[in-house]
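Heads up, the thing below is written out as structure tokens.
There are 2 protein chains.
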Amino acid sequence: MQPALDMNRTESDAPATERPQYELIELLFFAYRDFVGDPDRILAAYGFGRAHHRVLHFVHRNPGLTIAALLDILKITKQSLNRVLKELLEQGFVEQRAGVNDRRQRLLYPTARGRALADDMARLQTRRIARALEEAGPGSREAAARFLEAMIEPAERPSADRLVHGGRDEDEAQ
Amino acid sequence: MQPALDMNRTESDAPATERPQYELIELLFFAYRDFVGDPDRILAAYGFGRAHHRVLHFVHRNPGLTIAALLDILKITKQSLNRVLKELLEQGFVEQRAGVNDRRQRLLYPTARGRALADDMARLQTRRIARALEEAGPGSREAAARFLEAMIEPAERPSADRLVHGGRDEDEAQ
DNA sequence: CGGTTACGTCAGTCATGTTGACATATTTCA
DNA sequence: TGAAATATGTCAACATGACTGACGTAACCG
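As you go down the protein sequences, you meet chains H and X in turn.
First residue of the first sequence: 174, per the numbering used here; consecutive thereafter.
First residue of the second sequence: 174, per the numbering used here; consecutive thereafter.
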């Protein structure tokens, strides 16, 4: 059903079968905008930003995470991480303990306060997701997960999967 | 169909119906990170950033857009918009024409150069999406669209829908 | 003991967002 | 017609969260 295909493209060789996916491109933009907008309101009350949220989230989900592992997840520089991490430490949302095998490592753990804040934000985002899944009908959870998983850069999937599916309490709450 | 639920809790006693959706929360984070990472490489060559991409994208998809409409889509201030828009105008990626009915308005149109750049970036993102849909199997496009649509803040859906589904060439390329 | 590793930190820069105030052209309405 | 409202542009100051580059310190490892 595709006639003449596009000429002057610079990127290798897109066949005409790849009509622009404007719908999904834009839906991703709007959905993500509102998805991250939820926690912003809570964060503002603490003088925190999205960077703090991301750090706290992954520390919460992976207690004992090292600095190096966190840098690899967030794909930012240690200087960037350090600024927000320092604030989370000073204000008692995260704490460090020396590594057991390797005492150079600073293992990161959420405090009770940190867990409470992380839970609050996860709850907000969970509400939005739960409403969306209900609205999108049965099977939408698995379908959405399959699609999003496949959107991740293949080289990054092993480490992403380890985090996403290898977290604690995979099938029991607390 | 919900049994008695949440009264006044702020934390730590979510009903079992709302177990944290960590999987989708994290998949959204990783998928979006890589999704917006694609155009970054192209943009860097022009000295542009993601802000330029967003402006160019929506102007490309909605030629004749006004400043006010663009501000409403992006949800940023006119000062923020102006900085990147000025660069896109100066470097000939976008052009302005006075409104026909209302000559105060500056209608925004992509130039040939602007269309080429927007197409390049859309093509990259389309590739990632197309691969993901293939991998996620039949029906995944519709399922993903339903889910993402439902993730958008309800109050924003009318305007988002108008953009997403009301754009030009809804079923013919060029 | 010397080299490497894990992490911290100082200093400067850039991109992108914000608020507030004010200017200019045009339209609308009493 | 003249005053108010609207659409846009712009100046200035500031916050956040990225970046690079350089250097310091403690701990591990061979």
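The beta carbon of each residue, even a glycine, is placed where N, CA and C say it ideally should be.
- Of all residues in the stretch 281 to 299 of chain X, the ones placed with a Cβ closer than 7 Å to any Cβ belonging to chain H are 293, 295, 296, 297, 298, 299, in chain order.
- Distance from the CA atom of residue 279 of chain X to the CA atom of residue 258 of chain X, rounded to whole angstroms, is 12 Å.
- Chain-order list of chain H residues neighbouring residue 264 of chain X: empty, with the shortest C-beta distance near 18 Å, by a criterion of under 9 Å.
- Below the 7 Å Cβ cutoff, chain H contributes 324 as neighbours of residue 301 of chain X, in chain order.
- For residue 273 of chain X, there is no enclosing alpha helix (DSSP H), as DSSP marks it with neither H nor E.
- Non-local beta-carbon contacts of residue 293 of chain X in its own chain, meaning distances under 7 Å to residues more than five positions away in sequence, involve 215 in chain order.
- Of the other Cβ atoms in all chains shown, 16 or more fall within 10 Å of the Cβ of residue 205 of chain X; this residue is therefore buried.
- Any Cβ of chain H closer than 8 Å to the Cβ of residue 331 of chain X would place that residue at the interface, and such an atom is absent.
- Bounds of the alpha helix (DSSP H) holding residue 290 of chain X are 285 to 309.
- When C-beta distances to chain X are compared with 7 Å, the residues of the stretch 213 to 241 of chain H below that value are 234, in chain order.
- Closer than 8 Å to the CB of residue 207 of chain X there is at least one CB belonging to chain H.
- Chain X has no Cβ within less than 8 Å of the Cβ of residue 311 of chain H.
- Under the Cβ criterion of 8 Å, residue 271 of chain H is not counted among the residues facing chain X.
- A direct Cα-to-Cα measurement between residue 321 of chain X and residue 201 of chain H gives close to 6 Å.
- The shortest C-alpha to C-alpha distance from residue 224 of chain H to any of H/247, H/242, H/240, H/236 is the one to H/247.
- Contact between residue 239 of chain X and residue 266 of chain X does not hold, since the beta-carbon distance rounds to 18 Å and is not under 8 Å.
- Taking the CA atoms as reference points, residue 317 of chain X sits about 44 Å from residue 273 of chain H.
- The C-beta distance from residue 307 of chain X to residue 207 of chain H rounds to 27 Å, too long to meet the 8 Å contact threshold.
- Measuring C-alpha to C-alpha distances from residue 268 of chain H to each of H/233, H/309, H/296, H/336 identifies H/233 as the nearest.
- Here residue 315 of chain X carries a helix assignment [DSSP, helix/strand/coil].
- In this structure, DSSP gives residue 329 of chain X a helical state, which the three-state scheme calls helix.
- Membership of residue 212 of chain X in the alpha helix (DSSP H) is indicated by the continuous run 195 to 219.
- The contact set of residue 336 of chain X on chain H, defined by CB atoms closer than 9 Å, consists of 199, 203 in chain order.
- Interface annotation, residue 321 of chain X: in contact with chain H, CB-CB separation under 8 Å.
- Between residue 262 of chain X and residue 228 of chain X, the gap from beta carbon to beta carbon reaches 8 Å or more.
- Against chain H, the beta carbon of residue 196 of chain X has neighbours under 8 Å at 318, 337, 338, listed in chain order.
- Excluding residues up to 5 positions away in sequence, 207, 208, 211 lie with their Cβ nearer than 8 Å to the Cβ of residue 301 of chain X in the same chain.
- Non-local beta-carbon contacts of residue 222 of chain X in its own chain, meaning distances under 7 Å to residues more than five positions away in sequence, involve 216 in chain order.
- Comparing alpha carbon positions, the residue from X/242, X/256, X/191 closest to residue 332 of chain X is X/242.
- With fewer than 16 neighbouring CB atoms inside 10 Å of its own CB, residue 311 of chain H falls in the exposed class.
- The C-alpha of residue 203 of chain H is placed about 20 Å away from the C-alpha of residue 319 of chain H.
- In terms of beta-carbon proximity, residue 268 of chain H stays away from the interface with chain X, with every pair separated by 8 Å or more.
- Within the same chain, Cβ atoms closer than 8 Å to the Cβ of residue 297 of chain H are found at 211, 212, 215, the five residues on either side in sequence being excluded.
- When DSSP reads this structure, residue 281 of chain X sits in a beta bridge with X/238, X/269.
- Nearest to residue 281 of chain X by alpha-carbon distance, out of X/236, X/219, X/336, is X/236.
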